[in-house]
Amino acid sequence: MGANLAVSGAVFQGLLRNPLVDSRILGVSSGAALALLLTHSAVYVQLFAFGFGLLAIFIVYGIGLRFGSSILILVVTGILVSAFYNALLGLIKYVADPLNTLPAITYWLLGGLGGARWGNLWPLIIIIIIIIIITAFGIAFFLLIRWRLNLLTLSENEAIALGINVRRSRFDVLFVAALLVASSVAMSGIIGWIGLIVPHAARAVVGPDHARLIPASIG
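Have a look at this one:
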């Protein structure tokens, strides 16, 4: 879970050229957490978490594309989408049963693996296998396009001059990073700061080159 959040945070910060960006600012974490609005089933929570996390990225990128897909537009749109999701989460908590439902919602939103038990994991074994596959795919994908990630940290004109399809590359990166975040939130809730602090620490040690930054973020 931590590797997913750290790697996606490093990718978000490089892509958007903003050291304060992580999955929460773009609304992915809040979108995945909004799965609680639709179901309390352990299995369906995971599925809806994926759906709403990816929906956040589609909304952010769709609006950004309409207005030129500049970095500023993507970040501002992400903040607005995150605020909307958080407002819905606040509404859920407001109307929830304070004795039975609200404590469970609050505990899940705080994030963590403290309640994980082997007996609880067996019913979710298929979901866990899917998440492991997504994690392996996402990390391998970013390692394979590490040179493209480096070019995307340049200005849009410079990246285009070097032969990069900026819009397509941004969408691919955002989509895969959202998959990693949604898979983590689906299993452990929103765990804050990992996607922000770990990439900073890794970048301070190994530098901004994604060929070294991504493995360092995993470790």
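Numbering (our numbering) for the sequence shown: 16 to 234.
Even for Gly, the Cβ is constructed at its ideal location relative to N, Cα and C.
- Here Ala21 is actually not in contact with Val196; their C-beta atoms are around 11 Å apart, not less than 8 Å.
- 7 Å or more divides the Cβ of Leu228 from the Cβ of Ala219.
- In the pairwise beta carbon analysis, the stretch 95-114 is classified as touching the stretch 34-50: at least three pairs are separated by under 8 Å.
- By the C-beta density criterion, Leu194 is buried, having at least 16 other C-beta atoms within 10 angstroms.
- Scanning its chain for C-beta atoms nearer than 6 Å, with the 5 sequence neighbours on each side dropped, one finds around Ile88 the residues Gly79, Phe82, in chain order.
- Taking all protein chains in view, the Cβ of Tyr100 is crowded by 16 or more other Cβ atoms within 10 Å, so the residue is classified as buried.
- Rounded to whole angstroms, Leu41 and Ile141 show a C-alpha spacing of 28 Å.
- Boundaries for Met16: no alpha helix (DSSP H) harbours it, and the DSSP string shows neither H nor E there.
- Per DSSP, Phe82 lies in no alpha helix (DSSP H) segment and is marked neither H nor E.
- Under the three-state reduction of DSSP output, Ile209 falls in the helix class.
- Around the beta carbon of Trp162, fewer than 16 other beta carbons sit within 10 angstroms, so the residue counts as exposed.
- Between Leu189 and Ile72 a beta carbon distance of about 5 Å is seen, short of the 8 Å cut, so the two are scored as contacting.
- Take Thr168, set aside five residues on each side of it, and the residues of its chain with a beta-carbon closer than 8 Å to its own are Gly29, Leu30, Arg32, Pro223, in chain order.
- Straight-line spacing of the CA atoms in Ala102 and Asn19 works out to 26 Å.
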